[in-house]
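The working numbering applies: residue 2 is where the sequence shown begins, and numbers increase by one. Positions of the beta carbon are idealized from the N, C-alpha and C atoms, including for glycine. This one's a predicted model, so the numbers in the text were calculated from it and none came from an experiment.
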Amino acid sequence: MGENIYVQLLEEGTQVYKSVPAIPIGDEVYQIQGHELYDPEDEVWEFTPGTLVKTELKDLTAGPVLVAVGKLPTAG
């Protein structure tokens, strides 16, 4: 079952995060989903759909949330 994590949007002029669906893989590790939400012509995500990421709990305006902070290698 999926959850939502936050991904930083780049090229916004200020620090902005977007809530995106993700599948938990392991301890603090998620695979970003949201292929239907991703439009590189409109937004530049720090990590794109399909990417495995490490997350950290950060205190944003929405309160404490999981934020993608690093890309992990994919198996294969």
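Each of His-36, Gln-9, Gly-14 and Thr-52 was checked against the Cα of Ile-26, and the nearest Cα belongs to Thr-52. Contact annotation, Ile-33 with Val-21: C-beta distance approximately 6 Å; criterion of less than 8 Å satisfied. Judged by DSSP in its simplified three-state form, Pro-25 adopts strand. Cβ contact annotation for Thr-75 (same chain, cutoff 6 Å, sequence separation greater than five): Leu-53, in chain order. As for any beta strand (DSSP E) of minimum length 3 sitting wholly inside the segment 27 to 59, the runs are 30 to 33, ordered along the chain.
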